[in-house]
């Protein structure tokens, strides 16, 4: 549709950046959006699990996870509610590291979180240095409201794909929609294509 | 869980302003006419897109304040001093003007108007807007679901929909409002100024099916810090996390 023009609206323009996807605005703070209460996850019982389509499982407890080689990455975040935050610093384990040596023909992943949240994405989007299970933010432990002790970080997709309080990834032959994907949000969620809602 | 229908195509619509009402010094309700509006569920929001004469455009999300029904949709917008969009919506946009809008959006933070379950609503500031839509929907459909609204607000002048909420609770014993004034309280309110805490929650949920054993549907909306705090209080009071739906806005305050 040709845009309706609002005379008298100027806008702030401070957001002009080639790193800002369409329809997004910049924030300096770090908003929190969660569908329910923040789960309190005990590190003594924390476990991260990858399960393949054949039922093979690999698990890590917190000390084992901390012992994995970690990356320090600086990435831009884009939330479907329209805020973007540039150059955020994270520490976490690449999903490539977690998948190393796992035999799978799966094309899809269903991510599970403590508290029951789920999200789905193609497995290829978790490979190739594009995704991490992050436990550090801005030089400190990741706080619970931002997904601590550990969250998925998939910065090239809208942030709802970066499941907070992540507990595992199921590798699947078929795609199964996650929490927001079942509620009408886009199945893939590429911010550069502005794939916010299912029909976008 | 009840899930609203998956969204159909959400194309941008032209919305025409057919009314404005100042609610408080910073809050204004804007009534839009949207021909062919598919209807919404109480608690859902819309995306608004503003385009400047030179083509610059920006989008924001706003909760719907009105009950479902017809082609009219009301948004109640609170002006943020440093906002890019809210000053325009609350100070410039006038009757007869048009903007672009799409929705309804969000199938989680919604009240099912067919459910008889008790409902506990907890609002912080302008977070009352989607909860007011639920209250209005309850009265619009004639639901007898017990409702209780706990509403935290800075001072009496910042109270949104005060007279309407008061009218509802005077006409229906199964709807009640408990106000927490955080800075200045009216002279006739005996309770001291303060935030919603465990004692307030206990008092305000007494005398009705709003305690943990009653398993009410809980909706909490407001600034991030407020929702974090009250959601934790409700969990600590024994409510199951799966019964608690939250909507947060604004900065977290805890991290840059």
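Residue numbers (this note's numbering), protein chains in the order written: chain A, 562 to 761; chain H, 35 to 290.
Quick reminder that beta carbons are idealized off the backbone N, C-alpha and C, glycines included.
Predicted, not measured: the structure shown is a model, and the values here were computed from it.
* Is residue 706 of chain A buried or exposed, if buried means 16 or more other CB atoms sit within 10 Å of its CB? -> Translated into the one-based positions of the first chain, residue 706 of chain A becomes position 145. Classification for residue 706 of chain A: buried.
* Asked: Closer than 7 Å, Cβ to any Cβ of chain A: which residues of the stretch 54-85 of chain H, in chain order?
  -> 84, 85
* With 16 as the cutoff for other CB atoms within 10 Å, does residue 589 of chain A come out buried or exposed? -> In the first chain, counting from the first residue as 1, residue 589 of chain A sits at position 28. The residue is exposed, with fewer than 16 neighbouring Cβ atoms inside 10 Å.
* For residue 272 of chain H, decide whether its Cβ has a neighbour in chain A, counting only Cβ atoms nearer than 8 Å. => Numbered from its first residue, the second chain carries residue 272 of chain H at position 238. Chain A, which has no Cβ nearer than 8 Å to the Cβ of residue 272 of chain H, makes this no.
* To do: Could you run through the stretch 633-656 of chain A and flag, in chain order, every residue whose CB is less than 8 Å away from some CB of chain H?
  => 642, 643
* Asked: Is the CB of residue 112 of chain H under 8 Å away from at least one CB in chain A?
  -> In the second chain, residue 112 of chain H corresponds to position 78, counting from 1. Not closer than 8 Å to any Cβ of chain A, the Cβ of residue 112 of chain H fails to qualify, so no.
* To do: Name the two residues that bound the continuous beta strand (DSSP E) containing residue 73 of chain H.
  => To locate residue 73 of chain H, count along the second chain from 1; it is residue 39. Run containing residue 73 of chain H: none; DSSP gives neither H nor E here.
* Let me know the beta strand (DSSP E) ranges lying completely inside the stretch 154-242 of chain H, each 3 residues or longer, listed in chain order. => 181-187, 209-215
* Asked: Going by beta carbon distance, what residues of the same chain come within less than 7 Å of residue 245 of chain H, once the five residues before and after it are set aside?
  -> Looking up residue 245 of chain H in the second chain gives position 211. 239.
* Asked: How big is the Cα-Cα spacing for residue 710 of chain A and residue 625 of chain A?
  -> Translated into positions along the first chain, residue 710 of chain A becomes position 149. Translated into positions along the first chain, residue 625 of chain A becomes position 64. In a straight line, the C-alpha of residue 710 of chain A is about 14 Å away from that of residue 625 of chain A.
* Asked: What are the start and end residues of each continuous beta strand (DSSP E) run of 3 or more residues lying completely inside the stretch 92-123 of chain H, in chain order?
  -> 106-112
* To do: Answer with yes or no whether the minimum CB distance from residue 211 of chain H to chain A is below 8 Å.
  => The sequence position of residue 211 of chain H within the second chain is 177, counting from 1. Chain A contact via Cβ: absent.
* Quick one: grab the DSSP three-state call for residue 621 of chain A. => As a first step, residue 621 of chain A must be located in the first chain, where it is residue number 60. Note: residue 621 of chain A maps to strand in three-state DSSP.
* Length of the line joining the Cα atoms of residue 71 of chain H and residue 177 of chain H -> Here the question's residue 71 of chain H lines up with position 37 in the second chain. Here the question's residue 177 of chain H lines up with position 143 in the second chain. Computed Cα separation, rounded: 23 Å.
* Residues near residue 85 of chain H in its chain [Cβ-Cβ closer than 7 Å; skip 5 each side] -> Position 51 of the second chain, counted from the start, is the residue given in the question as residue 85 of chain H. Within the same chain, residue 85 of chain H has close Cβ partners 91.
* Asked: What residues match up with residue 651 of chain A in a beta bridge as DSSP calls it?
  -> Translated into positions along the first chain, residue 651 of chain A becomes position 90. In DSSP, residue 651 of chain A forms a bridge with A:634, A:698.
* Note down the Cα distance separating residue 188 of chain H from residue 261 of chain H, rounded to an integer number of angstroms. => Along the second chain, one-based indexing puts residue 188 of chain H at 154. Along the second chain, one-based indexing puts residue 261 of chain H at 227. Those two C-alpha atoms are separated by around 15 Å.
* **Which listed residue (A:628, A:663, A:695) has its alpha carbon closest to that of residue 616 of chain A** => Here residue 616 of chain A refers to the residue found at position 55 of the first chain. Nearest C-alpha to residue 616 of chain A: A:663.
* Just mark residue 155 of chain H as buried or exposed, buried being the case when its beta carbon has 16 or more other beta carbons within 10 Å. => By one-based count along the second chain, residue 155 of chain H stands at place 121. Buried, because 16 or more other Cβ atoms sit within 10 Å of the Cβ of residue 155 of chain H.
* Return helix, strand or coil for residue 268 of chain H, following the three-state DSSP convention. => The residue you call residue 268 of chain H lines up with position 234 of the second chain. It is helical.
* Asked: By Cβ distance, which residues of its chain are closer than 7 Å to residue 708 of chain A, with the 5 residues on each side in sequence left out?
  -> The sequence position of residue 708 of chain A within the first chain is 147, counting from 1. Here the set comprises 725, 726.
* Asked: Within this structure, are the beta carbons of residue 181 of chain H and residue 163 of chain H separated by less than 8 Å?
  -> By 1-based counting over the second chain, the position of residue 181 of chain H is 147. By 1-based counting over the second chain, the position of residue 163 of chain H is 129. No.
* State whether the stretch 119-139 of chain H contacts the stretch 218-230 of chain H, with contact taken as three or more CB pairs (one from each stretch) at a distance under 8 Å. => no
* To do: Taking 8 Å as the cut-off, decide whether the C-beta atoms of residue 696 of chain A and residue 653 of chain A are in contact.
  => For the purposes of this step, residue 696 of chain A is identified with residue 135 of the first chain, where counting begins at 1. For the purposes of this step, residue 653 of chain A is identified with residue 92 of the first chain, where counting begins at 1. Cβ atoms of residue 696 of chain A and residue 653 of chain A: closer than 8 Å.
* Can you name the residues of chain B whose CB is closer than 7 Å to the CB of residue 91 of chain H? -> Of the chains in the structure shown, none is chain B; the protein chains are A and H.
* Asked: By a C-beta neighbour count over all protein chains shown, 10 Å radius and 16 as the cutoff for buried, is residue 256 of chain H buried or exposed?
  -> Taking the second chain and counting its residues from 1, the one referred to as residue 256 of chain H is at position 222. Looking at its Cβ environment, which holds 16 or more other Cβ atoms inside 10 Å, residue 256 of chain H is buried.
* If we cut at 8 Å on Cβ distances, does residue 282 of chain H have a partner in chain A? -> By 1-based counting over the second chain, the position of residue 282 of chain H is 248. Output row for residue 282 of chain H: interface = yes.
* Asked: Residues of chain A with a CB under 7 Å from the CB of residue 141 of chain H: which are they?
  -> Counting from 1 along the second chain, the entry for residue 141 of chain H is found at position 107. Neighbours of residue 141 of chain H on chain A, chain order: 744, 745.
* **Any 3 or more C-beta pairs closer than 8 Å across the stretch 93-103 of chain H and the stretch 64-83 of chain H** => yes
* Asked: Of the residues A:681, A:610, A:630, A:658, which one's Cα is nearest the Cα of residue 689 of chain A?
  -> Residue 689 of chain A sits at position 128 when you count from the first residue of the first chain. Of the candidates A:681, A:610, A:630, A:658, the one whose C-alpha sits nearest the C-alpha of residue 689 of chain A is A:658.
* Asked: What is the DSSP secondary structure of residue 69 of chain H, reduced to helix, strand or coil?
  -> Against the second chain, residue 69 of chain H aligns to sequence position 35. DSSP places residue 69 of chain H in coil when its eight states are reduced to three.
* Asked: When DSSP labels each residue in this structure, what does residue 656 of chain A get in the three-state scheme?
  -> The residue given as residue 656 of chain A occupies position 95 in the first chain. In the structure shown, residue 656 of chain A sits in a helix (DSSP, three-state: H, G or I).
* Residue of A:755, A:567, A:682 minimising C-alpha distance to residue 119 of chain H -> Taking the first residue of the second chain as 1, we reach residue 119 of chain H at position 85. When each option's Cα is compared against that of residue 119 of chain H, the closest is A:567.
* Asked: Under 8 Å between C-beta atoms, does residue 599 of chain A make it to chain H?
  -> Walking along the first chain from the start, residue 599 of chain A turns up at place 38. So, interface residue.
* Sequence-distant residues of the same chain with beta carbon closer than 6 Å to residue 704 of chain A, five excluded per side -> Taking the first chain and counting its residues from 1, one reaches residue 704 of chain A at position 143. Around residue 704 of chain A: no qualifying Cβ.
* Please name the residue, chosen from A:637, A:595, A:580, that lies closest to residue 692 of chain A on a Cα-to-Cα basis. => Taking the first chain and counting its residues from 1, the one referred to as residue 692 of chain A is at position 131. That would be A:637, whose Cα lies nearest to the Cα of residue 692 of chain A.
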